[in-house]
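If you use numbering that gives the first Met the number 0, the sequence shown corresponds to residues 0 to 420, in order.
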Amino acid sequence: MFKLKYLFLGLIFLLIGCKSAQVSKKITKQLNSSLFNNQFTGVLIYNPKSNDTLFSFNANKYFTPASNTKIFTLYTGLQYLPEKIPAFKYTIKKDTLTVLGTGDPSFLHSYFKDSTALKMFKNYKNVALIIDNIKDEKYGPGWAWEDYDTYFSPERSSFPMYGNILTVDFEKDSLINPKILKNNVQFKKSNFNRDYYSNHFYYQPKNKKLKEIPMVMDSLLITKLWNDLLPNKVSIKSNSVKKLEHTAYSIPSDSLYKRMMLESDNFLAEQLLILASSTVSDTLNSTMIRKKILETHLKDLKQKPRWVDGSGLSRYNLFTPTSFVQVLTKLHSEIPKDRLFNFFPVGGKLGTLKNWYVGNPTPYIYAKSGTVGNNYSLSGYLITKSGKVLIFSFMNNHYTTKTNDVRKQMQTIFEFIRDNY
(Lines of atoms letter the chains of each structure in order from A and count residues from 1; the text may use other names and numbers.)
(Lines give C-alpha, C1' and ligand atoms only; values in the text may rest on other atoms or scores of the structure.)
Protein backbone atom coordinates (compact mmCIF):
# COMPACT_ATOMS: atom_id res chain seq x y z
CA MET A 1 0.00 0.00 0.00
CA PHE A 2 2.88 2.31 0.95
CA LYS A 3 4.62 1.66 -2.38
CA LEU A 4 1.38 2.21 -4.34
CA LYS A 5 0.90 5.60 -2.67
CA TYR A 6 4.34 6.81 -3.72
CA LEU A 7 3.95 5.29 -7.15
CA PHE A 8 0.70 7.25 -7.55
CA LEU A 9 2.36 10.48 -6.42
CA GLY A 10 5.25 9.81 -8.77
CA LEU A 11 2.85 9.42 -11.69
CA ILE A 12 1.18 12.73 -10.78
CA PHE A 13 4.49 14.61 -10.71
CA LEU A 14 5.49 12.95 -13.99
CA LEU A 15 2.21 14.03 -15.58
CA ILE A 16 2.65 17.61 -14.32
CA GLY A 17 6.22 17.63 -15.63
CA CYS A 18 5.05 16.41 -19.03
CA LYS A 19 2.39 19.13 -19.19
CA SER A 20 4.92 21.79 -18.24
CA ALA A 21 7.32 20.57 -20.91
CA GLN A 22 4.51 20.51 -23.47
CA VAL A 23 3.50 24.09 -22.65
CA SER A 24 7.11 25.29 -22.66
CA LYS A 25 7.74 23.65 -26.04
CA LYS A 26 4.62 25.30 -27.52
CA ILE A 27 5.56 28.78 -26.27
CA THR A 28 9.13 28.40 -27.54
CA LYS A 29 7.83 27.41 -30.96
CA GLN A 30 5.53 30.45 -31.06
CA LEU A 31 8.31 32.81 -30.03
CA ASN A 32 10.45 31.42 -32.83
CA SER A 33 7.86 32.44 -35.41
CA SER A 34 8.68 35.23 -37.85
CA LEU A 35 6.42 37.71 -36.02
CA PHE A 36 8.80 37.86 -33.06
CA ASN A 37 12.01 38.00 -35.12
CA ASN A 38 12.32 41.77 -35.24
CA GLN A 39 11.12 42.72 -31.77
CA PHE A 40 12.25 42.36 -28.17
CA THR A 41 10.14 39.92 -26.14
CA GLY A 42 10.13 38.86 -22.51
CA VAL A 43 7.88 36.28 -20.85
CA LEU A 44 7.54 34.85 -17.36
CA ILE A 45 4.77 32.44 -16.32
CA TYR A 46 4.66 31.33 -12.70
CA ASN A 47 2.55 28.94 -10.63
CA PRO A 48 2.27 30.48 -7.14
CA LYS A 49 0.75 27.38 -5.55
CA SER A 50 3.58 25.04 -6.54
CA ASN A 51 6.22 27.81 -6.64
CA ASP A 52 7.21 26.60 -10.12
CA THR A 53 8.26 28.65 -13.13
CA LEU A 54 6.33 27.32 -16.11
CA PHE A 55 8.21 29.39 -18.67
CA SER A 56 10.87 32.09 -18.68
CA PHE A 57 12.37 34.01 -21.58
CA ASN A 58 14.25 37.31 -21.16
CA ALA A 59 12.37 37.63 -17.87
CA ASN A 60 15.18 39.59 -16.20
CA LYS A 61 15.61 42.06 -19.05
CA TYR A 62 14.23 45.60 -18.90
CA PHE A 63 11.29 46.68 -21.08
CA THR A 64 9.20 49.79 -21.68
CA PRO A 65 6.03 48.79 -19.77
CA ALA A 66 3.54 51.51 -20.80
CA SER A 67 0.40 51.12 -18.66
CA ASN A 68 1.62 47.92 -17.02
CA THR A 69 3.19 50.51 -14.71
CA LYS A 70 -0.27 50.93 -13.15
CA ILE A 71 0.19 47.53 -11.46
CA PHE A 72 2.91 49.09 -9.30
CA THR A 73 0.68 52.14 -8.75
CA LEU A 74 -2.18 49.89 -7.65
CA TYR A 75 0.10 48.08 -5.23
CA THR A 76 1.29 51.39 -3.77
CA GLY A 77 -2.25 52.64 -3.23
CA LEU A 78 -3.24 49.42 -1.50
CA GLN A 79 -0.30 49.76 0.90
CA TYR A 80 -0.79 53.41 1.85
CA LEU A 81 -4.40 54.47 1.38
CA PRO A 82 -7.26 53.75 3.79
CA GLU A 83 -10.64 52.31 2.77
CA LYS A 84 -11.83 55.77 1.69
CA ILE A 85 -9.83 58.33 -0.26
CA PRO A 86 -8.47 61.29 1.76
CA ALA A 87 -10.26 64.19 0.07
CA PHE A 88 -8.35 66.99 1.82
CA LYS A 89 -6.79 67.96 5.14
CA TYR A 90 -8.29 70.85 7.10
CA THR A 91 -8.39 72.93 10.24
CA ILE A 92 -11.10 75.26 11.58
CA LYS A 93 -10.57 78.63 13.24
CA LYS A 94 -13.72 80.60 14.05
CA ASP A 95 -15.60 81.05 10.77
CA THR A 96 -12.67 80.10 8.51
CA LEU A 97 -11.95 76.67 7.10
CA THR A 98 -8.36 76.16 5.97
CA VAL A 99 -7.93 73.34 3.46
CA LEU A 100 -4.85 71.55 2.15
CA GLY A 101 -5.09 69.52 -1.07
CA THR A 102 -4.24 65.80 -1.04
CA GLY A 103 -4.53 65.16 -4.77
CA ASP A 104 -7.97 63.48 -4.62
CA PRO A 105 -9.11 63.23 -8.28
CA SER A 106 -12.76 62.42 -7.55
CA PHE A 107 -14.10 65.93 -6.79
CA LEU A 108 -16.72 66.78 -9.44
CA HIS A 109 -15.15 64.13 -11.69
CA SER A 110 -17.52 63.12 -14.53
CA TYR A 111 -17.49 59.47 -13.36
CA PHE A 112 -17.23 59.72 -9.55
CA LYS A 113 -19.15 63.00 -9.14
CA ASP A 114 -17.88 63.45 -5.59
CA SER A 115 -19.04 66.63 -3.81
CA THR A 116 -17.41 66.21 -0.39
CA ALA A 117 -15.54 69.52 -0.59
CA LEU A 118 -18.53 71.46 -1.91
CA LYS A 119 -20.83 70.24 0.88
CA MET A 120 -18.30 71.06 3.58
CA PHE A 121 -17.20 74.44 2.19
CA LYS A 122 -20.82 75.65 2.20
CA ASN A 123 -20.86 75.56 5.99
CA TYR A 124 -18.17 78.23 6.48
CA LYS A 125 -18.02 81.95 5.82
CA ASN A 126 -14.46 81.79 4.49
CA VAL A 127 -12.44 78.99 2.96
CA ALA A 128 -8.68 79.30 2.58
CA LEU A 129 -7.56 76.76 -0.02
CA ILE A 130 -3.89 75.77 -0.21
CA ILE A 131 -2.80 74.28 -3.55
CA ASP A 132 0.94 74.98 -3.66
CA ASN A 133 1.89 72.03 -1.44
CA ILE A 134 2.88 69.83 -4.39
CA LYS A 135 6.38 69.11 -5.68
CA ASP A 136 5.28 67.24 -8.82
CA GLU A 137 5.43 69.12 -12.10
CA LYS A 138 2.15 69.28 -13.97
CA TYR A 139 3.50 66.76 -16.51
CA GLY A 140 5.60 63.69 -15.84
CA PRO A 141 9.19 63.25 -17.05
CA GLY A 142 9.37 61.96 -20.60
CA TRP A 143 5.75 62.75 -21.47
CA ALA A 144 5.23 63.87 -25.06
CA TRP A 145 4.72 67.64 -25.11
CA GLU A 146 2.24 67.47 -28.01
CA ASP A 147 -0.15 65.41 -25.87
CA TYR A 148 -0.92 68.40 -23.63
CA ASP A 149 -4.37 68.80 -25.23
CA THR A 150 -5.36 65.12 -25.30
CA TYR A 151 -7.84 63.46 -22.95
CA PHE A 152 -5.26 60.98 -21.63
CA SER A 153 -2.79 63.61 -20.44
CA PRO A 154 -4.42 65.96 -17.88
CA GLU A 155 -2.22 68.00 -15.58
CA ARG A 156 -1.32 66.68 -12.14
CA SER A 157 -2.40 68.91 -9.26
CA SER A 158 -2.96 69.06 -5.50
CA PHE A 159 -6.68 69.84 -5.66
CA PRO A 160 -8.17 68.52 -8.93
CA MET A 161 -11.60 69.68 -10.07
CA TYR A 162 -13.73 68.09 -12.81
CA GLY A 163 -10.93 65.59 -13.41
CA ASN A 164 -8.88 68.62 -14.63
CA ILE A 165 -10.79 68.18 -17.90
CA LEU A 166 -13.18 70.35 -19.90
CA THR A 167 -15.90 68.27 -21.58
CA VAL A 168 -17.90 69.13 -24.69
CA ASP A 169 -20.84 66.74 -25.11
CA PHE A 170 -22.42 67.03 -28.56
CA GLU A 171 -25.20 64.56 -27.73
CA LYS A 172 -26.45 67.01 -25.12
CA ASP A 173 -26.62 70.10 -27.34
CA SER A 174 -22.92 70.79 -27.08
CA LEU A 175 -23.08 70.86 -23.28
CA ILE A 176 -19.86 72.25 -21.80
CA ASN A 177 -18.63 71.30 -18.35
CA PRO A 178 -17.53 73.23 -16.35
CA LYS A 179 -20.06 75.61 -17.85
CA ILE A 180 -18.25 78.71 -16.53
CA LEU A 181 -15.74 78.15 -19.38
CA LYS A 182 -18.38 78.17 -22.11
CA ASN A 183 -17.14 81.46 -23.55
CA ASN A 184 -13.62 80.02 -23.75
CA VAL A 185 -14.69 77.38 -26.27
CA GLN A 186 -14.65 78.26 -29.97
CA PHE A 187 -15.45 76.56 -33.24
CA LYS A 188 -12.15 76.89 -35.01
CA LYS A 189 -9.90 74.93 -37.34
CA SER A 190 -6.85 74.05 -35.32
CA ASN A 191 -4.36 71.22 -35.02
CA PHE A 192 -4.76 71.39 -31.25
CA ASN A 193 -7.74 71.38 -28.91
CA ARG A 194 -6.40 74.11 -26.63
CA ASP A 195 -3.82 76.86 -26.45
CA TYR A 196 -0.66 75.59 -24.79
CA TYR A 197 -0.50 78.14 -21.96
CA SER A 198 -4.12 79.22 -21.54
CA ASN A 199 -7.66 77.91 -21.20
CA HIS A 200 -8.85 78.72 -24.72
CA PHE A 201 -10.35 75.61 -26.31
CA TYR A 202 -11.09 74.67 -29.93
CA TYR A 203 -13.05 71.95 -31.69
CA GLN A 204 -14.31 71.24 -35.17
CA PRO A 205 -18.04 71.68 -35.88
CA LYS A 206 -18.05 68.53 -38.06
CA ASN A 207 -16.48 66.39 -35.33
CA LYS A 208 -19.41 65.26 -33.20
CA LYS A 209 -17.50 63.01 -30.83
CA LEU A 210 -17.36 63.74 -27.12
CA LYS A 211 -14.44 66.06 -26.49
CA GLU A 212 -12.38 65.86 -23.29
CA ILE A 213 -9.68 68.54 -23.16
CA PRO A 214 -7.24 69.07 -20.27
CA MET A 215 -7.44 72.41 -18.49
CA VAL A 216 -4.56 74.60 -17.32
CA MET A 217 -4.95 74.17 -13.54
CA ASP A 218 -3.49 77.45 -12.27
CA SER A 219 -4.70 79.51 -9.31
CA LEU A 220 -6.59 81.85 -11.66
CA LEU A 221 -8.74 79.03 -13.05
CA ILE A 222 -9.28 77.36 -9.67
CA THR A 223 -10.46 80.67 -8.19
CA LYS A 224 -12.83 81.12 -11.14
CA LEU A 225 -14.24 77.62 -10.78
CA TRP A 226 -14.85 78.05 -7.05
CA ASN A 227 -16.44 81.49 -7.53
CA ASP A 228 -18.89 79.80 -9.87
CA LEU A 229 -19.71 77.17 -7.24
CA LEU A 230 -19.57 79.32 -4.09
CA PRO A 231 -19.31 83.03 -4.97
CA ASN A 232 -16.81 85.07 -2.92
CA LYS A 233 -16.22 82.32 -0.40
CA VAL A 234 -13.03 80.47 -1.47
CA SER A 235 -9.62 82.15 -1.72
CA ILE A 236 -6.23 80.68 -2.67
CA LYS A 237 -3.60 80.93 0.07
CA SER A 238 0.08 80.05 0.19
CA ASN A 239 1.20 77.08 2.25
CA SER A 240 2.31 78.75 5.48
CA VAL A 241 0.10 77.00 8.04
CA LYS A 242 1.15 74.43 10.60
CA LYS A 243 0.08 70.81 10.33
CA LEU A 244 -3.67 70.48 9.73
CA GLU A 245 -5.17 68.10 12.26
CA HIS A 246 -8.25 66.78 10.42
CA THR A 247 -8.84 64.79 7.21
CA ALA A 248 -12.06 64.59 5.19
CA TYR A 249 -12.74 61.47 3.12
CA SER A 250 -14.55 60.99 -0.18
CA ILE A 251 -15.10 57.85 -2.30
CA PRO A 252 -14.22 54.21 -1.51
CA SER A 253 -10.61 53.61 -2.51
CA ASP A 254 -11.47 50.38 -4.33
CA SER A 255 -13.69 52.32 -6.76
CA LEU A 256 -10.71 54.49 -7.70
CA TYR A 257 -8.41 51.47 -8.16
CA LYS A 258 -10.96 49.70 -10.34
CA ARG A 259 -11.63 52.69 -12.59
CA MET A 260 -7.91 53.33 -13.01
CA MET A 261 -7.21 49.72 -13.98
CA LEU A 262 -10.24 48.96 -16.14
CA GLU A 263 -10.06 52.17 -18.18
CA SER A 264 -6.27 52.51 -17.92
CA ASP A 265 -6.92 56.05 -16.71
CA ASN A 266 -3.62 57.96 -16.64
CA PHE A 267 -4.94 60.87 -14.60
CA LEU A 268 -6.26 58.63 -11.83
CA ALA A 269 -2.96 56.74 -11.76
CA GLU A 270 -0.90 59.91 -11.39
CA GLN A 271 -3.15 61.31 -8.68
CA LEU A 272 -3.18 57.99 -6.85
CA LEU A 273 0.56 58.20 -6.21
CA ILE A 274 0.14 61.82 -5.10
CA LEU A 275 -2.62 60.68 -2.73
CA ALA A 276 -0.37 57.98 -1.32
CA SER A 277 2.29 60.60 -0.60
CA SER A 278 -0.30 62.68 1.31
CA THR A 279 -0.55 59.92 3.92
CA VAL A 280 3.10 60.38 4.95
CA SER A 281 3.62 64.12 4.37
CA ASP A 282 1.68 67.35 3.85
CA THR A 283 3.97 68.00 0.89
CA LEU A 284 2.71 66.00 -2.09
CA ASN A 285 5.51 64.22 -3.89
CA SER A 286 5.00 61.11 -6.03
CA THR A 287 8.77 60.69 -6.46
CA MET A 288 9.12 60.34 -2.70
CA ILE A 289 6.40 57.70 -2.43
CA ARG A 290 7.83 55.65 -5.30
CA LYS A 291 11.24 55.71 -3.66
CA LYS A 292 9.76 54.84 -0.27
CA ILE A 293 7.81 51.79 -1.41
CA LEU A 294 10.76 50.46 -3.41
CA GLU A 295 12.88 50.72 -0.26
CA THR A 296 10.30 49.04 1.99
CA HIS A 297 7.49 46.82 0.66
CA LEU A 298 9.32 46.13 -2.62
CA LYS A 299 12.92 45.99 -1.42
CA ASP A 300 13.06 42.28 -2.37
CA LEU A 301 12.53 42.88 -6.09
CA LYS A 302 15.15 40.99 -8.08
CA GLN A 303 15.51 43.86 -10.55
CA LYS A 304 14.86 47.38 -9.29
CA PRO A 305 12.78 49.22 -11.88
CA ARG A 306 13.36 52.66 -13.30
CA TRP A 307 9.97 54.03 -12.28
CA VAL A 308 9.24 57.67 -13.09
CA ASP A 309 5.44 58.11 -13.17
CA GLY A 310 2.21 56.49 -12.04
CA SER A 311 0.55 55.94 -15.40
CA GLY A 312 3.25 54.58 -17.71
CA LEU A 313 2.97 57.50 -20.15
CA SER A 314 6.72 57.99 -19.97
CA ARG A 315 9.10 55.90 -22.04
CA TYR A 316 11.67 56.50 -19.30
CA ASN A 317 10.02 53.72 -17.28
CA LEU A 318 11.87 50.40 -17.37
CA PHE A 319 10.57 47.20 -15.75
CA THR A 320 11.26 43.49 -16.09
CA PRO A 321 8.69 40.70 -16.46
CA THR A 322 10.11 39.26 -13.22
CA SER A 323 9.30 42.45 -11.31
CA PHE A 324 5.71 42.43 -12.52
CA VAL A 325 5.28 38.78 -11.57
CA GLN A 326 6.76 39.46 -8.14
CA VAL A 327 4.32 42.32 -7.44
CA LEU A 328 1.37 40.36 -8.85
CA THR A 329 2.36 37.48 -6.59
CA LYS A 330 2.38 39.79 -3.57
CA LEU A 331 -1.09 41.04 -4.50
CA HIS A 332 -2.30 37.46 -4.96
CA SER A 333 -1.07 36.44 -1.52
CA GLU A 334 -2.26 39.57 0.32
CA ILE A 335 -5.70 40.24 -1.16
CA PRO A 336 -8.72 37.90 -1.46
CA LYS A 337 -9.13 36.64 -5.01
CA ASP A 338 -12.59 38.14 -5.61
CA ARG A 339 -11.49 41.59 -4.54
CA LEU A 340 -8.19 41.42 -6.43
CA PHE A 341 -9.64 40.20 -9.73
CA ASN A 342 -12.31 42.91 -9.49
CA PHE A 343 -9.59 45.52 -10.08
CA PHE A 344 -8.35 44.03 -13.36
CA PRO A 345 -9.69 44.18 -16.93
CA VAL A 346 -11.30 40.86 -17.84
CA GLY A 347 -10.62 39.13 -21.16
CA GLY A 348 -13.69 39.31 -23.40
CA LYS A 349 -15.70 41.10 -20.73
CA LEU A 350 -14.48 44.33 -19.16
CA GLY A 351 -12.17 47.27 -19.61
CA THR A 352 -9.30 47.42 -22.05
CA LEU A 353 -9.47 43.63 -22.64
CA LYS A 354 -13.13 43.59 -23.63
CA ASN A 355 -12.36 42.59 -27.22
CA TRP A 356 -9.46 40.20 -26.54
CA TYR A 357 -8.67 36.94 -24.74
CA VAL A 358 -12.28 35.80 -24.70
CA GLY A 359 -13.08 32.88 -22.39
CA ASN A 360 -14.77 29.69 -23.53
CA PRO A 361 -17.24 30.11 -21.93
CA THR A 362 -15.91 31.72 -18.71
CA PRO A 363 -13.20 34.41 -18.49
CA TYR A 364 -9.67 33.14 -18.02
CA ILE A 365 -7.54 36.32 -18.25
CA TYR A 366 -7.52 39.04 -15.57
CA ALA A 367 -4.70 41.36 -16.53
CA LYS A 368 -3.44 44.88 -17.20
CA SER A 369 -2.38 45.80 -20.71
CA GLY A 370 0.12 48.48 -21.64
CA THR A 371 0.24 50.06 -25.07
CA VAL A 372 2.43 52.84 -26.44
CA GLY A 373 3.74 53.17 -30.00
CA ASN A 374 5.46 49.90 -31.06
CA ASN A 375 5.15 48.41 -27.56
CA TYR A 376 2.51 46.12 -26.06
CA SER A 377 2.59 44.22 -22.79
CA LEU A 378 0.15 42.25 -20.69
CA SER A 379 0.64 41.20 -17.07
CA GLY A 380 -1.78 39.52 -14.71
CA TYR A 381 -3.52 36.24 -13.94
CA LEU A 382 -4.47 33.29 -16.13
CA ILE A 383 -6.91 30.63 -14.93
CA THR A 384 -6.51 27.22 -16.58
CA LYS A 385 -9.34 24.81 -17.27
CA SER A 386 -7.94 22.58 -14.52
CA GLY A 387 -8.50 25.46 -12.07
CA LYS A 388 -4.89 26.58 -11.59
CA VAL A 389 -4.12 30.28 -11.21
CA LEU A 390 -0.96 31.28 -13.07
CA ILE A 391 0.76 34.65 -12.79
CA PHE A 392 2.35 36.02 -15.95
CA SER A 393 4.01 38.95 -17.64
CA PHE A 394 4.34 39.00 -21.45
CA MET A 395 6.20 42.07 -22.73
CA ASN A 396 6.79 43.12 -26.34
CA ASN A 397 8.94 46.10 -27.36
CA HIS A 398 10.08 47.69 -30.62
CA TYR A 399 7.92 45.80 -33.10
CA THR A 400 6.94 47.35 -36.43
CA THR A 401 4.02 45.04 -37.13
CA LYS A 402 0.43 45.76 -36.11
CA THR A 403 -0.33 45.53 -32.40
CA ASN A 404 -3.31 43.29 -33.15
CA ASP A 405 -0.96 40.77 -34.78
CA VAL A 406 1.05 40.64 -31.55
CA ARG A 407 -2.16 40.22 -29.53
CA LYS A 408 -3.28 37.34 -31.75
CA GLN A 409 -0.04 35.44 -31.20
CA MET A 410 -0.24 36.04 -27.48
CA GLN A 411 -3.84 34.89 -27.42
CA THR A 412 -2.86 31.63 -29.13
CA ILE A 413 -0.26 31.02 -26.44
CA PHE A 414 -2.62 31.86 -23.59
CA GLU A 415 -5.34 29.60 -24.93
CA PHE A 416 -2.92 26.71 -25.23
CA ILE A 417 -1.81 27.19 -21.61
CA ARG A 418 -5.42 27.45 -20.46
CA ASP A 419 -6.39 24.21 -22.18
CA ASN A 420 -3.28 22.13 -21.49
CA TYR A 421 -1.99 22.95 -18.01
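Backbone N, C-alpha and C define an ideal beta-carbon position, used for all residues, glycine too.
| field | Proximity winner among 77, 417 and 405, relative to residue 30 (alpha-carbon distances) | value | 405
| Helix, strand or coil at residue 247 [DSSP, three-state] | strand
| said: Residues in the same chain with beta-carbon distance under 6 Å from residue 55, minus the five sequence neighbours each way, listed in chain order, please. | reply: Excluding sequence neighbours, residue 55 sits near 43.
| request: Can you say whether residue 72 is buried or exposed, counting buried as having 16 or more other CB atoms within 10 angstroms of its CB? | output: buried
| For residue 277, which of 291, 349 and 398 has the nearest alpha-carbon? | 291
| request: Would you kindly work out how many angstroms separate the C-alpha atoms of residue 257 and residue 307, rounded to a whole number? | output: 22 Å
| task | Could you pull out every unbroken beta strand (DSSP E) segment of at least 3 residues lying fully inside the stretch 260-340, listed in chain order? | result | none
| task | In the DSSP assignment, find the unbroken beta strand (DSSP E) run with residue 100 in it and report its ends. | result | 95-100
| said: If contact is defined by three or more beta carbon pairs under 8 Å, each pair taking one atom from either stretch, is the stretch 363-374 in contact with the stretch 59-68? | reply: yes
| In the DSSP assignment, what residue or residues form a beta bridge with residue 125? | Paired residues: 95.
| request: Can you give me the Cβ contacts of residue 68 inside the same chain, cut-off strictly under 6 Å, excluding the 5 residues immediately before and after it? | output: Within the same chain, and ignoring the five residues on either side of residue 68 in sequence, the residues whose Cβ sits closer than 6 Å to its Cβ are 311 and 316.
| message | Taking 7 Å as the limit between beta carbons, can you name the residues of its chain near residue 418, skipping five residues before and five after? | response | 384
| message | In chain order, what are the residue ranges of uninterrupted beta strand (DSSP E) at least 3 long that sit wholly in the stretch 121-209? | response | 125-129, 164-168, 174-176, 184-186 and 200-202
| query | Alpha carbon to alpha carbon, what distance is there between residue 273 and residue 159? | reply | 11 Å
| With a CB to CB cut of under 8 Å and the five nearest residues on each side skipped, what residues in its chain are close to residue 259? | 69, 72, 73, 267, 268 and 271
| How many whole angstroms separate the CB atoms of residue 141 and residue 305, which I take to be in contact at a CB cut-off of 8 Å? | Not really, about 10 Å apart at Cβ, beyond 8 Å.
| When the Cβ atoms of the stretch 333-346 are set against those of the stretch 239-259, are three or more pairs found closer than 8 Å? | yes
| query | So, helix, strand or coil for residue 216, using DSSP? | reply | coil
| message | At the level of alpha carbons, what is the spacing between residue 234 and residue 357? | response | 52 Å
| message | Taking only three categories from DSSP, how would you classify residue 71? | response | helix
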